[in-house]
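Its first residue numbered 218, the sequence shown is counted upward by one per residue in this note's numbering. Here is the structure we will look at, set down as C-alpha cells.
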Amino acid sequence: AVAARPACLVADPEGSVALTGGRNGALCLWDLSSGTCVKTMAGERSHIEVVALDPAGCIALAGRQGAHIDVWDLEAGRLLQSVCAQNGNEEISYLGIDQSGHYFIVLTDLGALQVW
218 AVAARPACLV ADPEGSVALT GGRNGALCLW DLSSGTCVKT MAGERSHIEV
268 VALDPAGCIA LAGRQGAHID VWDLEAGRLL QSVCAQNGNE EISYLGIDQS
318 GHYFIVLTDL GALQVW
C-alpha cells in the first residue's frame, strides 16, 4: 500500500527519487521522472513524522511518534534497525544523514541533539 496521507517528504539531491512517510506507518519510494511509487515499505503502524535519505540513496530513516527511528535498506526494502532517541517522551523534529552516510543526526522537539 502506498503511504496513506503522506505526512513528510524528502528528495535526493539529484532529484531522481523522493521518499514519503505516511500516517499509516508506510514509507514510499517515488521515481520522480514517472511520478510513481516504485517501492513501499511498512514497519510499525505509527505515524511517520520525518524522513531522511543518505547521500548514496541506499539508506532511509523514518522518525515515528514517540521518538522512534527506523533505519531502512532501500534496495532490499528491509528494516535494518529500530532505535529510540532520548527517553521516548519527545518527538523528532529533524533527521539528517551526514555526507559520508556513516552518522545520523536527530533533533527532538525539546531541543535535544544526538549524533548516532
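Think of the CB as a built atom: it goes at the ideal place given N, C-alpha and C, for glycine as much as any other residue.
Asked                                                                                             : Found
Three-state class that DSSP yields for Ala-218 in the structure shown                             : Per-residue confidence for Ala-218 stands at a pLDDT of 49, beneath the threshold of 50, marking its modelled position as unreliable; the derived number appears in the next sentence. Note: Ala-218 maps to coil in three-state DSSP.
Local conformation of Leu-291 per DSSP, three classes                                             : coil
Identified DSSP bridge partners for Ala-311                                                       : Checking the sequence shown, residue 311 turns out to be Tyr, not Ala. Tyr-311 pairs with Leu-324.
Proximity of Lys-256 and Gly-294 at Cβ, strictly below 8 Å                                        : yes
Strand pairing of Arg-281, partner residues [DSSP]                                                : Ile-265 and His-285
Proximity test, Cβ basis, 8 Å: Asp-248 and chain D                                                : Note that chain D does not occur in the displayed structure, where there is just one protein chain.
Exposure of Cys-245, with buried meaning 16 or more beta-carbon neighbours within 10 Å            : buried
Rounded Cβ spacing between Glu-190 and Ile-309 (contact assumed at less than 8 Å)                 : With the chain running from 218 to 333 in the structure shown, residue 190 is simply not present.
Per-residue burial, Pro-230 [other beta carbons within 10 Å of its own, 16 or more giving buried] : exposed
Ile-276 and Leu-312 closer than 8 Å at C-beta                                                     : no
Proximity of Ala-224 and Gly-242 at Cβ, strictly below 8 Å                                        : no
CA-to-CA distance, Glu-307 to Thr-325, given in whole angstroms                                   : 6 Å
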